[in-house]
Amino acid sequence: MIEFTDLTKSYAGRLPVLDSVTMKIDQGEFFFLSGVSGAGKTTVFRLLLMLELPEQGNIRFNGADILRYSPAQRARHRRGIGTVFQDQDNRLLANESIEENVALPLRIAGLSGRKMRQRMGTLLEQVGLAERRKELVSGLSGGEKQLVSIARALVFGPRVFFADEPTGNLDRSMAFKVMELLRRIHDSGSTVIVATHDLSLIRSFRSRTLLIKDRKIQEVRLINRAETAAAR
Ligand SMILES: Nc1ncnc2c1ncn2[C@@H]1O[C@H](COP(=O)(O)OP(=O)(O)OP(=O)(O)O)[C@@H](O)[C@H]1O
Ligand SMILES: [Mg+2]
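Numbered as in our numbering, the sequence shown ends at 245 without a single skipped number.
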């Protein structure tokens, strides 16, 4: 359902981040996307969201050639993907409540009243923040903010979910809580891709893993420490 063919991406005047990459992710998979800092994990998400364009190659998404999309089709494509960005913290409205932050995309989409409240209730239950819905985001911990960001990314019931370093800066217990939530999103039928450079997290969760290394993307097994060391 997500397919790169012979894809090359470089930023102006620099060596390519991805060089002639071919890869495929099937519908309903849970994948980690790993690689050292600067390897290109965020770039992969930005390409899939069409926030960056490649110099060469093709990207197919649900069978469609997204590089040919019109601006309207691009907007629809992005709405169908739940995304938690790496700098999510900056994207929440600190002086608004948890509830308001999650409701924002629904308001923009013109939903209001009972329907919106129902949807909000479900989402806040799902991330375990229903009782704290009136609290301001500015007073939350980093991990709690991640949960708000995830709830907000789920508002339109996306079939595909991207999380870019969702556990960066969280302690072990909060990181696991966030990962369990992403697992549940996957269990409900969505394709989930989690970018992380935390190889010990990958070992704990034992999901399929794509590694970006030497400008290529390949599937790797990271089960034991020796394999993990080889991937660095
Ligand atoms: N807008 C940009 N302009 C120029 N270079 C960029 C831009 N965005 C990313 N890069 C470069 O592309 C490379 C890949 O960056 P990217 O953010 O995709 O890495 P990453 O794997 O997500 O890293 P991290 O783990 O630190 O988040 C880096 O060398 C980075 O400096
Ligand atoms: Mg990144």
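C-beta atoms are modelled at their ideal positions from N, C-alpha and C, and glycine is treated no differently.
Within 8 Å, strictly: CB atoms of residue i and residue j
i: Ser110; j: Glu144; result: no
i: Gly76; j: Arg172; result: no
i: Ile72; j: Thr204; result: no
i: Arg146; j: Leu137; result: yes
i: Leu212; j: Leu235; result: yes
i: Met221; j: Glu42; result: It should be pointed out that residue 221 corresponds to Arg in this sequence rather than to Met. Contact: yes.
i: Val115; j: Arg165; result: yes
i: Arg104; j: Leu119; result: no
i: Thr18; j: Pro29; result: no
i: Ala208; j: Phe58; result: yes
i: Leu62; j: Thr35; result: no
Bounding residues of the alpha helix (DSSP H) (the contiguous stretch that carries residue i)
i: Ala116; result: 111-121
i: Val57; result: 54-61
i: Phe13; result: Only positions 14 to 245 of the chain appear in the structure, and residue 13 is not among them; the question remains open.
i: Ala85; result: 84-92
Distance cut-off 7 Å: residue i Cβ against heavy atoms of ligand 1
i: Arg27; result: yes
i: Tyr24; result: yes
i: Gly170; result: no
i: Ala164; result: no
i: Ser1; result: The question about residue 1 has no answer here: the residues shown for the chain are numbered 14 through 245.
i: Val30; result: yes
i: Arg93; result: According to the sequence shown, residue 93 is Gly rather than Arg. No, ligand 1 has no heavy atom inside 7 Å of this Cβ.
i: Ala52; result: yes
i: Gly48; result: yes
i: His210; result: yes
Continuous beta strand (DSSP E) stretch holding residue i: start and end
i: Asn98; result: Position check: residue 98 holds Phe in this sequence, whereas Asn was assumed. Neither: Phe98 is in no beta strand (DSSP E) and is coded neither H nor E.
i: Thr18; result: 15-22
i: Ile38; result: 31-38
i: Arg73; result: 69-74
i: Thr209; result: No beta strand (DSSP E) contains Thr209, which DSSP labels as neither H nor E.
i: Arg234; result: Note, Arg234: premise wrong, no beta strand (DSSP E); not H, not E.
i: Ser47; result: 43-47
i: Ile225; result: 221-226
Below-8 Å beta-carbon distance, residue i vs any chain D residue
i: Gln86; result: Although the question refers to chain D, the structure presented lacks it and comprises just one protein chain.
Runs of alpha helix (DSSP H) wholly within the region 138-193 (minimum 4 residues, chain order): 155-166
Those residues, in chain order, that have a beta-carbon closer than 7 Å to some heavy atom of ligand 2: Counting every residue whose Cβ lies closer than 7 Å to a heavy atom of ligand 2, we get Lys54, Thr55, Gln99, Asp177, Glu178, Ala208.
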